[in-house]
Every structure is written in structure tokens, then in C-alpha cells.
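Notes to accompany the following structure.
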Amino acid sequence: MSNANATVIAILYSLIFIFTILYLSCNSFVTIVRSFFNFIFGINMVENSHKRKRTASDDHNQTVSLRGLINANWQKLLASNLLMDHKEEKHAPKEQYTGKFRRNRKTEQKINKSKDLQPTVRKFETLNLEPDQADGHEDDIALNDRKQAKNKITKFIAMDCEMVGIGYDGNDHMLARVSLVNKFGDCIYDKFVKPREEVKDYRTIVSGIRKEDLINGEDFSIVQKEVADVIRGKILVGHSLKNDLNVLFLSHPKRNIRDTSKYKPFKKITKGSTPSLKRLAKEILSIDIQHGEHSSVEDARAAMQLYRTVSKKWEAGLSDRRGYKKINE
Numbered sequence: 001m002s003n004a005n006a007t008v009i010a011i012l013y014s015l016i017f018i019f020t021i022l023y024l025s026c027n028s029f030v031t032i033v034r035s036f037f038n039f040i041f042g043i044n045m046v047e048n049s050h051k052r053k054r055t056a057s058d059d060h061n062q063t064v065s066l067r068g069l070i071n072a073n074w075q076k077l078l079a080s081n082l083l084m085d086h087k088e089e090k091h092a093p094k095e096q097y098t099g100k101f102r103r104n105r106k107t108e109q110k111i112n113k114s115k116d117l118q119p120t121v122r123k124f125e126t127l128n129l130e131p132d133q134a135d136g137h138e139d140d141i142a143l144n145d146r147k148q149a150k151n152k153i154t155k156f157i158a159m160d161c162e163m164v165g166i167g168y169d170g171n172d173h174m175l176a177r178v179s180l181v182n183k184f185g186d187c188i189y190d191k192f193v194k195p196r197e198e199v200k201d202y203r204t205i206v207s208g209i210r211k212e213d214l215i216n217g218e219d220f221s222i223v224q225k226e227v228a229d230v231i232r233g234k235i236l237v238g239h240s241l242k243n244d245l246n247v248l249f250l251s252h253p254k255r256n257i258r259d260t261s262k263y264k265p266f267k268k269i270t271k272g273s274t275p276s277l278k279r280l281a282k283e284i285l286s287i288d289i290q291h292g293e294h295s296s297v298e299d300a301r302a303a304m305q306l307y308r309t310v311s312k313k314w315e316a317g318l319s320d321r322r323g324y325k326k327i328n329e
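Heads up: the sequence shown at position 49 corresponds to 49 in the UniProt record's numbering, and the numbers run straight through without jumps.
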């Protein structure tokens with residue numbers, strides 16, 4: 001038994017010795033290989049964390065600088081394109097009117113010469129607007145076809161909206177009614193809108209809106225699409241149109257907006273402050289509106305008539321600012 005134990009112990013020591021020799025040999029081999037790569041290729045196989053952070057920071061700075069260069073190049077390209085578009089628009093040939101439209105314009109001028117023009121400011125009990133003989137803009141429909149033009153869409157559309165209060169305290173606005181009239185004051189669109197949220201304040205004293213009006217109203221999405229289709233490509237007239245477009249969630253090209261609340265000659269009446277539609281109608285049109293409950297149809301008609309009283313000067317001012325004038329026949 002003693003000889004057997006001695007043999008086992010001898011084998012164990014031999015194995016330990018062999019494994020120790022292998023470990024030392026492997027460790028030496030790895031050290032030699034690492035030193036070889038460092039000497040030949042200059043590669044540090046164990047890169048510390050500080051170097052990694054510094055390298056990442058350098059890469060980031062290079063990316064940011066490159067991105068700034070790209071943005072600058074894009075800005076130069078866009079600026080050059082806009083300048084070219086502006087030059088092309090400025091040198092575009094002036095529009096010449098021919099054909100049927102030219103004949104209608106000459107007929108209208110003959111009518112104007114044969115009749116004494118009535119004063120622009122007229123007092124009338126209702127807003128049943130008639131064509132303004134002093135208006136110098138082209139109409140989509142000839143003057144002689146006024147009877148056929150009733151309730152038709154014209155180039156100029158006036159819009160007004162009535163709103164109700166929503167939100168915690170009822171101070172937020174939601175569309176309740178929208179009305180559109182054409183250049184002659186004919187109502188071409190007038191609808192109530194179903195509420196999309198709980199109404200806190202119907203504002204009936206001012207808006208004229210009641211709960212039963214909205215119950216049978218049209219869905220907002222339908223009204224929004226219909227209004228957008230009507231005013232697309234038209235000159236939109238109104239008073240504080242920004243508020244009306246906001247509740248409709250619509251936009252309109254600035255060059256096609258005629259807002260009577262922002263027209264500078266009208267602001268002289270209130271010494272520079274924004275005039276109310278009621279004040280303008282009283283001072284310029286000599287009519288009283290908005291007694292008690294408002295009517296969006298009545299307000300839209302008043303805005304259209306206000307525009308038509310000064311449309312010639314208004315459009316001439318816009319033409320001068322844009323650098324061109326239309327040909328008046």
C-alpha cells in the first residue's frame with residue numbers, strides 16, 4: 001500500500017510540474033507576440049479607456065464640422081435657386097387680356113362712362129350687395145350676367161366663422177359655424193358643425209349658437225374639406241382671418257388673403273389699433289351690424305363690401321410692392 005501511495009503522489013507532482021511549465025510557456029509566447037506586433041506595426045493591443053474617449057470625441061468633432069459644411073452648401077444652393085426664380089418671375093411677360101374678357105371689359109367701361117357713378121359709401125338696411133361699378137378688377141363672371149351669377153363661386157370669397165368655448169374654463173375655441181359669400185354678397189356656403197369636444201360655453205349672446213344647432217350639424221372633417229375646396233385658388237376676404245383659419249385647421253397663401261383688420265388705411269379710424277368689424281361697417285359702410293347675436297353670413301358680407309370699397313387702391317398697393325402692375329384696359 002505504501003508503494004502505491006508513493007506512486008500516486010509522484011504522478012500528481014509530475015502533472016503539477018508539467019502544467020506549470022505549459023502555463024509559463026504560453027504566457028511567455030503571448031508576451032513575445034504582443035511585443036512583436038508593437039514593434040512591427042505600432043499597434044497597441046490594449047488601448048486604455050482614456051484613448052477611446054478621446055478618439056470618439058475627435059470623430060464626433062469631424063462629423064459635426066462636416067455636417068456644418070454640408071448645411072452651408074445647401075444654403076448657398078437654395079439661395080441661388082430662389083434668386084433665379086425671383087429673376088424669372090420678375091422678367092415674366094405681362095399678362096394680356098384678349099377675347100371675350102376684353103370685350104366684356106370694354107362694355108363695362110362704356111356703361112361707367114354713360115352713367116354717373118354713385119358714392120362708394122352707401123347706407124342700406126340689409127347687406128344685399130350689388131356689383132360695385134368702381135371696382136377695377138376682373139370678374140369671373142361678366143357684369144351683364146349678374147342675375148345668372150347669383151349663388152355662384154367667384155374669384156373673391158369672403159369667410160366668417162362662429163365659435164364656441166371648450167376646455168377647462170371654456171376659453172379655448174372650437175368651430176361651430178362657417179359661412180362663405182361670393183363677391184356679390186350671395187351666401188354660397190353656410191353650415192353648423194358638430195362638436196368634437198364637450199362644449200363649456202355656447203357664447204349664444206355673441207355667437208348666436210345654441211345646443212340644438214350643433215346637434216344637427218355636419219361633421220368637422222366634411223366641413224373642413226368642403227371649405228378648403230371652395231377657397232382653393234381664390235382671393236379670401238374676411239376680418240381677422242387668422243382666427244377663422246386656425247379653428248378650421250387650414251392655411252391659405254398670404255398673397256391671396258385680404259384681411260380688413262390689417263389694412264392700414266382702415267387702422268387710421270382707430271388711430272393705429274386693430275379696428276372691429278362693427279366699427280368699420282359703421283364708419284365706412286354706414287350700416288349697423290352685430291346687434292346682440294352675431295351672424296357669420298352678415299359678417300362675411302360686411303367684410304366683402306368693405307374690401308370692395310377700397311379694392312382698387314388695395315390691389316394697386318400690393319402690385320407696387322411686388323414690383324409689377326397689371327394692365328388696365
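Where is the CB? At the ideal position from N, CA and C, for every residue including glycine.
Remember, predicted model here, so these are calculated numbers, not experimental data.
(request) Report yes if the CB atom of Lys254 is closer than 8 Å to the CB atom of Lys155, and no otherwise. (result) No, the Cβ-Cβ distance between Lys254 and Lys155 is not below 8 Å.
(message) Assuming Arg255 is part of the alpha helix (DSSP H), what are its boundary residues?
(response) Run containing Arg255: none; DSSP gives neither H nor E here.
(message) Please return the same chain residues whose Cβ sits closer than 6 Å to the Cβ of Ile269, not counting the five positions on each side in sequence.
(response) In chain order, Pro275, Glu283 place their CB closer than 6 Å to the CB of Ile269, counting only its own chain and leaving out the 5 sequence neighbours on each side.
(request) Output yes or no for whether 8 Å exceeds the beta carbon distance between Gly272 and Asp259. (result) No, these two residues do not count as a Cβ contact at 8 Å.
(request) Whole angstroms is fine: what's the gap from Ile209's alpha carbon to Asp320's? (result) About 42 Å.
(request) Would you list the one or two residues that DSSP bridges to Ala158? (result) Within the DSSP bridge table, the entry for Ala158 names Val181, Val237 as partners.
(request) Mark Asn182 as exposed unless 16 or more other C-beta atoms lie within 10 angstroms of its C-beta, in which case mark it buried. (result) buried
(message) Output needed for Arg177: all residues of its chain with C-beta closer than 6 Å, excluding positions within five of it in sequence on either side, in chain order.
(response) Glu162, Phe192, Ser296
(message) Using the Cβ count rule (16 or more neighbours within 10 Å means buried), how would you classify Leu306?
(response) buried
(message) Can you tell me which residues form a DSSP beta bridge with Met163?
(response) Leu175, per the DSSP bridge assignment.
(request) State the CB to CB distance for the pair Glu315 and Thr204, rounded to an integer number of angstroms; the pair is presumed to be in contact (CB under 8 Å). (result) Rounded, the Cβ-Cβ distance is 38 Å, inconsistent with contact.
(request) State the DSSP-derived secondary structure class of Tyr23, mapped to helix, strand or coil. (result) helix
(request) Sort out for me which residues DSSP pairs Val193 with in a bridge. (result) Glu218
(request) Figure out for me which residue from Ile9, Ile222, Glu198, Leu175 has the closest Cα to the Cα of Arg169. (result) The sequence given here has Asp at residue 169, not Arg. Considering only alpha carbons, the answer is Glu198.
(request) Could you work out which residue in Asp299, Leu180, Asp190, Ala281 is closest to Val206 when comparing CA atoms only? (result) Nearest C-alpha to Val206: Asp299.
(request) Inspect the beta-carbon positions of Ala158 and Ala281 and report whether they are closer than 8 Å. (result) no
(request) Report the option in Lys312, Leu214, His252 whose CA atom is closest to the CA atom of residue 361. (result) In this structure the chain extends from 1 to 329, so residue 361 is not present and cannot be described.
(message) Taking the straight line between their C-alpha atoms, what separation do you get for Lys262 and Arg279?
(response) 14 Å
(request) Mind checking who Asp201 pairs with in its DSSP beta bridge? (result) Gly165
(request) Report the three-state DSSP secondary structure of Ile153 (helix, strand or coil). (result) coil
(message) How far does the alpha helix (DSSP H) with Leu277 in it extend, from its first residue to its last?
(response) 277-280
(request) Specify, as a first and last residue, the run of the alpha helix (DSSP H) that Lys267 falls within. (result) In this chain, the alpha helix (DSSP H) harbouring Lys267 covers 264-267.
(message) Less than 8 Å between the beta carbons of Gly217 and Arg301, yes or no?
(response) no
(request) Would you please state the rounded distance, in angstroms, between the beta carbons of Pro195 and Leu214? I believe it to be under 8 Å. (result) 5 Å
(request) Leaving aside the five residues before and after Asp172 along the sequence, list all residues of the same chain whose C-beta is less than 8 Å from its C-beta, in chain order. (result) So the list reads Gly165, Ile166, once near-sequence residues are dropped.
(message) Can you tell me whether Ile32 is helix, strand or coil according to DSSP?
(response) Ile32: helix per DSSP, three-state reduction.
(message) What does the alpha-carbon distance come out to for the pair Val227 and Lys242?
(response) 15 Å
(message) At the level of alpha carbons, what is the spacing between Ala10 and Val33?
(response) 35 Å
(message) Here's the rule I'm using: 16 or more other beta-carbon atoms within 10 Å means buried, otherwise exposed. How should Ile40 be labelled?
(response) exposed
(message) Would Phe220 and Leu250 be called neighbours here (beta carbons separated by less than 8 Å)?
(response) no
(request) Measure the alpha-carbon distance for Lys313 versus Ser240 and round it to whole angstroms. (result) Here the alpha carbon of Lys313 sits roughly 20 Å from the alpha carbon of Ser240.
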